[in-house]
Amino acid sequence: MSSYHRALTIAGSDSGGGAGVQADLKTFSALGCYGTSVITALTAQNTVAVTAIEPVRPAFVAAQIDAVLGDIGTDATKIGMLHSAAVIDTVAERLAHHDPGPIVLDPVMVAKSGDRLLDADAVDALSRRLLPIALVITPNAPEAEALTGQPVRTEVDALDAARRLAALGPRYVVIKGGHLHTEDVADLLLVDDTPVVVRGPRHPGRHTHGTGCTFASAMAAGLALGHDVEAAFRDARAYVDGAIRHAPAIGQGEGPLGHFWREGRRR
Numbered sequence: 003m004s005s006y007h008r009a010l011t012i013a014g015s016d017s018g019g020g021a022g023v024q025a026d027l028k029t030f031s032a033l034g035c036y037g038t039s040v041i042t043a044l045t046a047q048n049t050v051a052v053t054a055i056e057p058v059r060p061a062f063v064a065a066q067i068d069a070v071l072g073d074i075g076t077d078a079t080k081i082g083m084l085h086s087a088a089v090i091d092t093v094a095e096r097l098a099h100h101d102p103g104p105i106v107l108d109p110v111m112v113a114k115s116g117d118r119l120l121d122a123d124a125v126d127a128l129s130r131r132l133l134p135i136a137l138v139i140t141p142n143a144p145e146a147e148a149l150t151g152q153p154v155r156t157e158v159d160a161l162d163a164a165r166r167l168a169a170l171g172p173r174y175v176v177i178k179g180g181h182l183h184t185e186d187v188a189d190l191l192l193v194d195d196t197p198v199v200v201r202g203p204r205h206p207g208r209h210t211h212g213t214g215c216t217f218a219s220a221m222a223a224g225l226a227l228g229h230d231v232e233a234a235f236r237d238a239r240a241y242v243d244g245a246i247r248h249a250p251a252i253g254q255g256e257g258p259l260g261h262f263w264r265e266g267r268r269r
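Position one of the sequence shown corresponds to residue 3 (the numbering used here), numbered consecutively onward.
Next comes the structure, spelled out in structure tokens:
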């Protein structure tokens with residue numbers, strides 16, 4: 003039996019490397035996990051914009067899941083950009099045939115640049131098929147608004163949205179606080195209807211591309227390492243905060259994070 007802790011990402015690619023599968027795999031490596039991936043869509047993307055999206059056929063998404071989980075397996079799974087209802091249905095169906103470990107669902111809908119990454123008609127499929135099988139979901143405020151149909155602007159709104167989302171099936175709900183209208187960043191974790199809030203300063207600058215992907219992947223890595231959900235949440239929050247502070251200042255738009263800051267390396 004391998005001594006490696008394994009983590010799987012099911013998400014879209016980012017040709018700029020700052021988000022999606024590329025950010026997920028960097029996060030897994032930085033936090034001590036052996037990362038594997040299933041590509042759901044190819045994006046021509048940099049720090050400024052998403053200029054093109056090439057969806058992966060659902061049958062090929064299924065083949066990737068079967069190949070990875072039928073051989074290597076995983077200790078935790080992070081799900082990110084899925085793009086379409088057909089891919090969402092495929093992911094849910096194939097995961098039911100394997101042991102994906104605890105699932106962290108990051109309901110990616112819009113890129114940092116504002117470009118839409120999830121078809122509008124796929125939101126319902128996401129709620130019906132994936133929320134019930136996720137251990138934890140990690141929407142930001144706009145994503146929580148899309149899933150609940152309610153505005154999410156304040157901490158009170160975030161708590162209400164978390165409770166509404168928990169009623170759809172996931173055992174734990176995180177509402178990331180970067181988009182809330184608050185002075186500091188207040189990330190909320192709902193545990194058995196009790197909110198756990200971690201606060202931190204808002205860092206000046208524009209290099210925050212891939213924060214959502216990185217946060218969810220860090221939580222998945224923590225679960226793969228055997229941490230409980232609250233410990234994984236707190237460490238993911240600290241890890242992303244450090245990755246923003248050590249961002250390499252790459253690109254002309256929303257730059258990527260410094261994923262290997264804890265090791266003092268640039269990679």
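Just so you know, even glycine gets a beta-carbon here, dropped at the ideal spot from N, CA and C.
{"Item": "Three-pair Cβ contact test at 8 Å for the region 68 to 86 versus the region 32 to 42", "Value": "yes"}
{"Item": "Local conformation of Leu-120 per DSSP, three classes", "Value": "coil"}
{"Item": "Neighbour-count burial assignment, Gln-24, 16 or more Cβ in a 10 Å radius", "Value": "buried"}
{"Item": "Inter-residue spacing [alpha-carbon to alpha-carbon] between Gly-214 and Pro-57", "Value": "21 Å"}
{"Item": "Through-space distance from Ser-5 to Gln-152, alpha-carbon basis", "Value": "45 Å"}
{"Item": "Val-187 versus Asp-159 - alpha carbon distance", "Value": "14 Å"}
{"Item": "Own chain, CB closer than 8 Å to Arg-208, minus 5 neighbours either side, in chain order", "Value": "Gly-255, Glu-256, Gly-257"}
{"Item": "Within 7 Å, strictly: CB atoms of His-85 and Ala-43", "Value": "yes"}
{"Item": "Simplified DSSP state of Arg-173, which is helix, strand or coil", "Value": "coil"}
{"Item": "Simplified DSSP assignment, three categories, for Tyr-241", "Value": "helix"}
{"Item": "Residue(s) in a DSSP beta bridge with Val-89", "Value": "Beta-bridge pairing links Val-89 to no other residue."}
{"Item": "Helix, strand or coil at Gly-151 according to DSSP, with G and I counted as helix", "Value": "coil"}
{"Item": "N-terminal and C-terminal residue of the alpha helix (DSSP H) that Val-64 is part of", "Value": "The displayed chain sequence assigns Ala, not Val, to residue 64. Residues 60 to 71."}
{"Item": "Opposing strand residues paired with Tyr-36 [DSSP bridges]", "Value": "Arg-8"}
{"Item": "Helix, strand or coil at Gln-47 [DSSP, three-state]", "Value": "strand"}
{"Item": "Whole-angstrom distance between Phe-217 and His-261, CA atom to CA atom", "Value": "11 Å"}
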